[in-house]
Structure formats: C-alpha cells, structure tokens
Amino acid sequence: FFSHTTEIFGNALPCCHGMASRSEKPGETRANNWTVAVVLGSTTSGTLVLFLCLVAIFVSWAVSTSSTSLALETVSKEFRHMQENFLAEALADMIRPLWRTPTQWSRHLATGLSLDGYPVMPPTVDMLQDLAHVEKVLAFIAPTTDKNLFLRGAAERETNRTYFTDITAAVNFCLNDNLSLSSACSHAAFLSVSLRDDNGSIRHVVMRQYVDDGQNTLADSTGMAAQIHLWDMDQNMLIPFVNLDIAPLPPSMTLGEFEFPFISPWSNFTFVMFPGDTSGVNLIGATPIMVHGQQVGFMSYMMSLSLMLVPVLQEALESGGDVTKNSFLAVYAADGTVIGLSEDAAGGGGAQIMRGSVETIPESSYTKKAIEFLKREHGDICPVEGHLNLDEEEDRLVDVMPFYTEDWGLPSLGTRWCQVLTVPRDNLYGSIDEAERTSLIVGLIAGGGFAVSLCLLSLSVWQVFRTNRNVRRQKRDADYALVLQAVEEVGNLGCPMALSGAGDFLELEELVCYEDMRDAGKLVVLDSLEQIHSFRKRNRIVFFSHQWLGWLKPDDAQRSQLRAMQAAVRALQKAFGAQTVYVWVDYICVSQRHSKAQWMAVSSLPVYVSMVDIFIIIAPDAAHRDTQAVCGLSTYTRRGWCRLEMLAKACGSGFQHMYSVEGSGTSLRRLSQQDFEHLSLNVFDGDFTVPSDCEKLVLPILGLYSLILLQASQPHILGILSHIEENKDRFFPPSYMAHDKKMEQPAKRKLFGNLVALMEEHTTRDDRSPAPQYHTAENVDEDTFEALGELPLTDETARDKFEIVDL
C-alpha cells in the first residue's frame, strides 16, 4: 500500500519529511544552534589567542637566545648560494675552454688534418720556417682566440663592446742541442697567437720561434730565430709586411713550467698554472705532441685568469647590495697562489692585482687578515670544506668555500682552490641586534596576552562542557519526545477509518479511488477507536494487503487482484452473513487526491491493521502494468511497505485470522506462525521504490516496537522479538545512505539512532502508559474462521473449482 503513496505523492508530503525530528520546534532549534555557535566561537577565539601568544613568546625567546646561530645559518646559505651559483659557475665557465679546445686538438693530432694541401695536424718543427705553412696552421688554431668568443660587454655598437683578452693558442716543440726534436729541452720552437688589448685596440699577435734560415737579423748563436706578426682574423691570414725580428726566448719562458712526459690521469691532457709577467696567474690546458712514442712538444691553450676574474669578483659583490657593502672577495690556490683579488681592483692598484702569492698581500688589507684568520681557525688557508666564522677582532664575517673543477664536469686542477669572502658584521647583524632589543617588549606583551588567553580558554572550556552537556540533554529530550510520540500514535486513531460495505465492493468492476467512493456515498467512516470497537460488535472488517501492479493504477488490466478480493469477500459472506462484512483497501479507503489527508491515514495504518478481524494478503501471480515483471507472493514479501502491514498485524493481534490468496488466485490459505519463518518482517531490508521512504517509517516502526516490548510475554510476540534480537541493527538501522536525483553523491542520513534504546528504557518505566488493547473478532466462534478454509472462493456457478487448502 505504501509503495504507491510515495511514488505519486511522496515529494508533495511536507508532513512526511523529517518525521524523526517533528517534536523539535524551529525556534528552539535555532536558539540551540545559536548558543552552540557562540560557545564554539568563544572557544575558538580563546584557543587562537592562546596559540598566537604562545607562538609570540616562543619566537621572542628564540630570537633572543639563538639569533646568532640563526643569522649565521641564513648568511651561510646566502653566501654559499652566491658563491656556488655565481662565482663558482663563472670560474667553471672560464676554465672550460682550456679543457675543450686541447681535447679537440688531440683528436686531430691522432687522425691528422690538412688545409689547402698543407699538412696541419700533427704539426712539425719544419712548418715554422715557412710563412705560407704557418698561415695554414694559424688558420686552424687562431679561431679559438676570436674576440667574439670572449665578450665582456655586448653593446649594440661594435665600438662600445668590451672583451676579455690575454687568450693564447700555441704549438710548442722541445729541441736538443742539435736543434732536433727531443724530450730533453735545450731550446724551444713555438708558434702562438694571442688576443691582446693594445691601448684599447683589440689585436691578434703572432709569435714565431724557429730554427734560423739565415734571414733573421736577430738570430742567436745557437741557430734559433724569432719574429712577431699580426693576424687578420677576418681575412684568415698574416698581415703583410708586419714582420718584427726579436731575440729568441729561452726554454724557461715557454717550456720550463712543464714536465715531460705529462703525468695525468687524463692521458692526453693536463692543467698547468704559472704566474705571468704582467697578466697575473695564467692557466694552461695542454695536450702532448708525440713522435714515435716520445713526447717532443705540446699544444696549449692559455688565458690570464687574474685579468678575467677580477671583474667577475666585483660583479658578485655589487649583486649582493647592502649585504656585501665594503666586502671583498678573493680566489687562491691551496699552495697560496693568488688567482684573483677584488680588494686591489677596488683600490685601483692596477698591476698590484698580479700578486704571485698570498704572502705578498699587504698585511693591512682585509683579504690578508681574513686569510690569516682562516689559518688560525682551521689550520689551513684553504680548508677542504666550507666554513662561515666571525672574526671578532676585525668584527667581520669570513666565509670560505673550496672550488673543485670535478663538481663542474672538468678534470682536476691538481690543487684545491678556495673562494673567500670577508664582510662587515653590521651588514648582517644590525637587524638582529634590533630584534634583540625589541624581544623584551614582545615578551612582555606576549606574557600578558598569555594570561588573558588562559583565562579566556578556561572560560571557553567550561562553556563548551556545559553546552555539550545541554546539547546532549536536549538531544535526548528531543529523541524521547519522539518515543512518546510514537507510543501515542500507535495507540490512537490519527485519521478516521473508512470502510466499504461488501455489497458495494462486490459491484465494482475495477478498484475505484477514495474520493469517488466517498462522493457516491459508498463508504462508512469511523471517527474514533470507540466507534470502531462498537462497529466490530455487529460487523466484520477485512483488511486487504496487496502490492500495486502499476505506477498509477493499483491493479492490472485483467483486474486480477480485484477478482481475488471479491472472491474472498464472497467466502467471508458465507461465513459471517452478507450484512456483516466490510472491506478496507488502500485505494478505496485512503485519500488519493489530498496529500496531507493521505499521510494521516498512512500514519494510522498500524491502528487500522490492529483493529481488523481478518487480514488477507492478495498476491496472485500477475504482470506489472508498466514493467511487465511477474508479481506474486515473493515480490509482495520483498516490499518494505508490505512488510510493515504484516508486522503491524502481528504486533496488534498476532498471526491469527491471517490469510493469503496467491499463485493462481484460486485458494484462500490460512497462515500460521510458522509461515513467518519464510515471510520476513524486517521492514528496512525490504525494497523501496523511493529510498527516502525509510525515514517515514521510523515512528510507525518505533511505535510497533513498543507494542512488541509491552507484550513480550505473549506467545505470538515471542517469535517476533527473537527475530529482532538476532540482528537488531538490521531491523532498526541507525542510518542509511540516501540516494536522491538532486544529490551529486550519496549522503548518510539518520534513521533510528538512539531511539530504540530510549524506547526500551521507556517501556520499563513505572509511569509509562499502559499498552493499547486490541481485540479480535467479537461474538464469533473460532470455528467460523476455521471454516473459511473449507469454503470455495466462488459460488457454485463458477467455471473453476477452487482448491481448498487448510493449513
């Protein structure tokens, strides 16, 4: 019966929604919510204020007690970031060509190379005597010194561009006393091309030292001669008529810094560092020239790191802003060789930057003091690991970081380099000192705030406790009100009971709705329980429970259920007499056009069922009008609403006087208590077309449960109670997952919650209301009901002979 109610009117029944909270007044709910919100708000505010005060106190303490270590850590990160990602990268970029260029040459030394018919690689000492041959060799090595590869400032106008200079590519040979190639050097022959800055004019200067051919006016007595030329990079040739004879250079100036053969883990390469005359420290990358397995020379690529590095140091300091104001940077090797200093450059010392060793740096300079401090602090001017220290004597921070070419994808330099930065302490600690002075004020404010917040928190905790207790009490009171409401509704008639006389019912050709039967004057209306009791003394009421066979109509096109009902009525007339039988059918006896009136009748269903004399399940096999699904007793017993009707009958007057018409619809079968082992009374395990109908059944089921508890000693109740106790959470689910077309995702909704426990508590109270008294048919012998199983469902003129089944 209930299934079609929600299918047609469910969304139009505002009285049906939220039944589990009908006892709560909206005004009270809003007041409670406001109280809870105020309490929680004050609690949150107090907790937040307390937290902030504690944080402020902690920060104040941390700043005042560990500001130095925090500052050092911050400074260390800043300096190391600057050095590793700026200065170290710049150093690696400078050195990288010294590795790549000789490595590329070494391949040609092994494979050979010719230009315009002249063999260029590997070079020979005889090539140096022929200028035409020299040009071909220069055409191969000179492009590595192209000024555009060493731009320092790339201005749009070429005349405004600046370049790094003192870049040299060279071919060097070792000669013995007989001026023959040898690994023992008495004389040197070489060819070099250098990128030079000649008073602002960028030129490529070529030096050639060779075995005298008799034409050089400055050739020495040993037979060696030397000349200076200029190279035209654009024309790829020597500039004509620029041939300056010079005195030959001794091997010590060209080969003396090298050991033969090269000893290096890189078999075809080595780094060599030596100081120049005016260009500071030079770094050379070299690859050997081999003849018959003997090293007789080398090809080298050289640059002046000092000249190139000083501008980079200055740029690094300038990028630090106020942090590196009045600061100085230095790069030197572990053996003390100075590679670059920013302090001399700042003073405009010019040639002073070409210092050979840290020992020659003036004692008054901050750089020298920083180096001496490192030696005292760590026992080495170039530690193997980075350090940041405070030199208290000079009130300066000293940061040292080692530089390893291996970290940048380059061969080892053979010695460790270090980068040292010295910076005034006030550049970094000024703000920290200011923070220490304000920490006391912050601490006092935070302490006061802590005391206030502690009081507020205590008040808030007390309020939360009290409010939580009140909320729990109010919730319990609201739930208990629902319990009382359920007990009241199950024992009172909430809506008049409408009945159809047997005569009018048998005249129907199809089931007719309540409103049409009412307007035709074919309904008897009983307004109170007293009227129903009085009516039952002289009449019999039969309750037909059935499932709807269509979405809009209760029966199928063949009127299978109506025919079964009418056949049952005829059988009852034979037992009780035609004038005493009245019929209750949902479609006929419950309003179908007024949703509120309909729900009032639905709420009174347990009372209706408990007051009838006979309960008949109408479930003949038939096809559903809309789905064409086969319906029968099995589908009937799966419906949640049908299970409610059976449960209401069992709770009210037990299993007696219950019958079913099923299968072919040709027999009236009397049900016994054993049948309910197969007919489940678990309402919420049943099927609901609209899942939210579960919420509408909370109070009716709760009311029926009160009847079960109050009649627990009755034989017909013991089986039901045992069935409930086996799995109470399934019989009374605390909640369910609501599925609604308007909902994006299923939501958990409350059903019984704590109501079952409260109902059990209520039924044990001394001041509870007495259990409603339900009566079976009066003035009728039980043999009359037994005889129903012996009466056919049709008269003697029926075509079919019904099978009589007496259980």
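Every number in my numbering is 13 more than the matching position in the sequence shown, counting from 1. All residues carry an ideal CB built from backbone N, CA and C; glycine is no exception.
Below 8 Å on the Cβ atoms is my guess for residue i versus residue j; work out the distance and round it to an integer in Å.
| i | j | result |
| --- | --- | --- |
| THR380 | VAL411 | Not confirmed; about 10 Å, so no contact. |
| GLU528 | GLN605 | 6 Å |
| ARG656 | VAL696 | 5 Å |
| VAL555 | VAL596 | 6 Å |
| ILE352 | LEU318 | 5 Å |
| CYS187 | VAL304 | In fact, because the Cβ distance is near 10 Å, the residues do not count as touching under 8 Å. |
| TYR493 | LEU771 | 5 Å |
Check for me: the alpha helix (DSSP H) holding residue i runs from which residue to which?
| i | result |
| --- | --- |
| MET659 | 653-666 |
| GLN758 | Unbroken run through GLN758: none, as it is neither H nor E. |
| ASP599 | 599-602 |
| PHE745 | Run containing PHE745: none; DSSP gives neither H nor E here. |
| ALA260 | From DSSP, ALA260 is part of no alpha helix (DSSP H); its letter is neither H nor E. |
| GLN611 | 608-616 |
| PHE386 | 379-391 |
| GLU102 | 101-124 |
| GLY716 | 711-723 |
| ILE154 | 144-154 |
| GLU528 | 527-532 |
| ARG576 | 573-589 |
| VAL675 | Note on identity: in this sequence residue 675 is Glu, with Val being the wrong assignment. That residue, GLU675, is in no alpha helix (DSSP H); its beta strand (DSSP E) goes 671-676. |
| MET772 | 768-776 |
Might you give, ordered along the chain, the residues of its own chain that have their beta carbon closer than 7 Å to the beta carbon of residue i, omitting 5 neighbours on each side?
| i | result |
| --- | --- |
| THR428 | ALA346, ALA347 and ASP348 |
| ILE545 | MET510, LEU539 and MET624 |
| ALA329 | MET95, PHE99, LEU100 and LEU342 |
| HIS391 | HIS400 |
| GLN586 | ALA515 and VAL594 |
| ARG485 | none |
| ALA577 | ILE631, PRO633, VAL674 and GLY678 |
| GLY236 | LEU192, VAL224 and ASP225 |
| CYS707 | PHE697, PHE701, TYR749 and LEU764 |
| PRO39 | With a pLDDT of 42 at PRO39, under the threshold of 50, the modelled position of that residue is not reliable, and the figure given next carries that caveat. So no residue of the chain qualifies. |
| PRO746 | PHE697, LEU764 and PHE765 |
Note the first and the last residue of the continuous beta strand (DSSP E) segment covering residue i.
| i | result |
| --- | --- |
| TYR345 | 341-346 |
| SER317 | 307-317 |
| LEU519 | From DSSP, LEU519 is part of no beta strand (DSSP E) but of the alpha helix (DSSP H) over 515-519. |
| HIS559 | 553-559 |
| VAL872 | Here the chain has residues from 14 to 820 only, and residue 872 is not among them. |
| ARG165 | 164-166 |
Quick one: residues in its chain with C-beta nearer than 8 Å to the C-beta of residue i, no 5 flanking neighbours on either side, listed in chain order?
| i | result |
| --- | --- |
| ALA751 | PRO704, SER705, PRO759, ALA760, LYS761 and ARG762 |
| ASN854 | Here the chain has residues from 14 to 820 only, and residue 854 is not among them. |
| LEU243 | ARG216, HIS217, VAL218, VAL219, LEU251, ILE252 and VAL255 |
| GLY166 | ASN173, ARG174 and THR175 |
| GLY361 | Here GLY361 scores only 43 on pLDDT, less than 50, and its place in the model should not be relied on; the value that follows carries that caveat. Excluding residues within five positions, none has a Cβ falling inside 8 Å. |
| GLU398 | PRO415 |
In the DSSP assignment, what residue or residues form a beta bridge with residue i?
| i | result |
| --- | --- |
| MET510 | LEU539 |
| ASP700 | ARG652 |
| VAL413 | HIS400 and VAL433 |
| GLN222 | PHE203 and ALA239 |
| LEU245 | It should be pointed out that residue 245 corresponds to Asp in this sequence rather than to Leu. Answer is MET250. |
| LYS195 | According to the sequence as given, residue 195 is Ser; it is not Lys. Partner(s): none; SER195 has no beta bridge. |
| VAL844 | Because residue 844 is not part of the residues shown, which for the chain are 14 to 820, the question remains open. |
| VAL184 | LEU204 and MET312 |
| PHE287 | ASN295 |
Return the chain-ordered list of same chain residues with a C-beta closer than 6 Å to the C-beta of residue i, the five sequence neighbours on each side being excluded.
| i | result |
| --- | --- |
| PRO567 | LEU524, TRP561 and TYR600 |
| VAL336 | ASN440 |
| ARG209 | THR178, ARG216 and VAL218 |
| ILE630 | SER558 and SER673 |
| THR230 | ASP258 |
| CYS395 | ALA347, ARG429 and CYS431 |
| SER573 | PRO633 and ALA635 |
| GLU37 | Residue placement at GLU37 cannot be trusted, given a pLDDT of 43 that sits under 50; what the coordinates show is reported in the next sentence. The answer, listed in chain order, is ALA491. |
| GLU773 | none |
| SER207 | THR181 and VAL218 |
query = Within the chosen definition, does the stretch 257-266 reach the stretch 280-288 through at least 3 CB pairs nearer than 8 Å?
reply = no
ask   = Are the stretch 396-405 and the stretch 307-322 in contact at 8 Å, needing three or more beta carbon pairs?
value = no
inquiry  = When you compare the stretch 675-693 with the stretch 630-648, are there three or more beta-carbon pairs, one atom per stretch, that lie closer than 8 Å?
reply    = yes
ask   = Contact between the stretch 324-343 and the stretch 124-144: three or more CB pairs below 8 Å?
value = no
message = Pairs of beta-carbons, one from the stretch 614-624 and one from the stretch 498-508, closer than 8 Å: are there three or more?
response = yes
request  = Would you check if the stretch 233-241 and the stretch 153-164 touch, i.e. whether three or more CB-CB distances between them fall below 8 Å?
outcome  = no
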